[in-house]
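Under the numbering used here, the residue at position 63 of the sequence shown is numbered 63, and the numbers go up by one with no gaps.
The beta-carbon is built from N, C-alpha and C at its ideal position, and this holds for glycine as well.
Reviewing the structure listed below.
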Amino acid sequence: MGDPGFTLQTVNCAFFQETRDVTDSNAETESAAQIRRTALYLTLAQVPEGKVVSYGQLAELAGLGRAARWVGRTLSQLPGDTKLPWHRVLGAGGRISLPVGSPSGDEQRARLRMEGISILNNRVDIQRHGWRPVEHSG
1 MGDPGFTLQT VNCAFFQETR DVTDSNAETE SAAQIRRTAL YLTLAQVPEG
51 KVVSYGQLAE LAGLGRAARW VGRTLSQLPG DTKLPWHRVL GAGGRISLPV
101 GSPSGDEQRA RLRMEGISIL NNRVDIQRHG WRPVEHSG
């Protein structure tokens, strides 16, 4: 169920370059933005290999409402060596948002293909590869 380095108890926040215990009383003093990022990262870490989500779906699953653009901006700020599966997040309808020929766009397409996800006309078939958490829960 996602990267084993991410659990509901401990979040390895690559953005913050630290490990944070979200059950600790320190969680009460975190800013709202940090709490939102933590919710986003926890949810993203659960997207299984070979599956994709849209920015909007990821926002909803993380309890962030209709924050698709915020999700996109936040993911664009991840460090290059993050272990979070950012490449599994797509635009609405399975559209790959990153431009063809850009380093990040080429990396995203390569990672998706390595996971067995086919790309046609800059889109991924959401019916085939879309993540439906209820179907993947134990």
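Item checked: Buried versus exposed call for S25 [16 or more other C-beta atoms within 10 Å across all chains shown] -> Counted from its first residue, the sequence shown places residue 25 at position 25. Its pLDDT being 47, under 50, S25 is placed unreliably in this model, and the value from its coordinates should be taken loosely. Exposed, because fewer than 16 other Cβ atoms sit within 10 Å of the Cβ of S25.
Next item on the list: Would you kindly check if the distance between the Cβ of G130 and the Cβ of K51 is under 8 Å?
Entry: Walking along the sequence shown from the start, residue 51 turns up at place 51. Walking along the sequence shown from the start, residue 130 turns up at place 130. Yes. Within cutoff.
Next item on the list: Give the straight-line distance between the Cα atoms of R111 and R128, rounded to the nearest whole angstrom.
Entry: Sequence index remark: in the sequence shown, residue 111 carries index 111 (1-based). Sequence index remark: in the sequence shown, residue 128 carries index 128 (1-based). CA-to-CA, the gap between R111 and R128 works out to about 17 Å.
Margin query: Quick check on the DSSP output: the alpha helix (DSSP H) that includes T38 runs from which residue to which?
Written below: Sequence index remark: in the sequence shown, residue 38 carries index 38 (1-based). For T38, the enclosing alpha helix (DSSP H) has its first and last residue at 32-45.
Notebook entry, point to check: Can the beta-carbon of A62 be found closer than 8 Å to that of L40?
Noted result: Here residue 62 refers to the residue found at position 62 when the sequence shown is read from its first residue. Here residue 40 refers to the residue found at position 40 when the sequence shown is read from its first residue. Contact check for A62 against L40 passes: the beta carbons are separated by less than 8 Å.
Item checked: Cβ-based burial, T29 [other Cβ within 10 Å; buried from 16] -> Taking the first residue of the sequence shown as position 1, residue 29 is located at position 29. Because T29 sits at a pLDDT of 48, beneath the cut-off of 50, its placement in the model cannot be relied upon, and the following sentence gives the value as read from the coordinates. Per the 10 Å Cβ criterion, exposed.
Check: Can you tell me whether DSSP reads I126 as helix, strand or coil?
Finding: Translated into positions along the sequence shown, residue 126 becomes position 126. Look at I126 here: in three-state DSSP terms it is helix.
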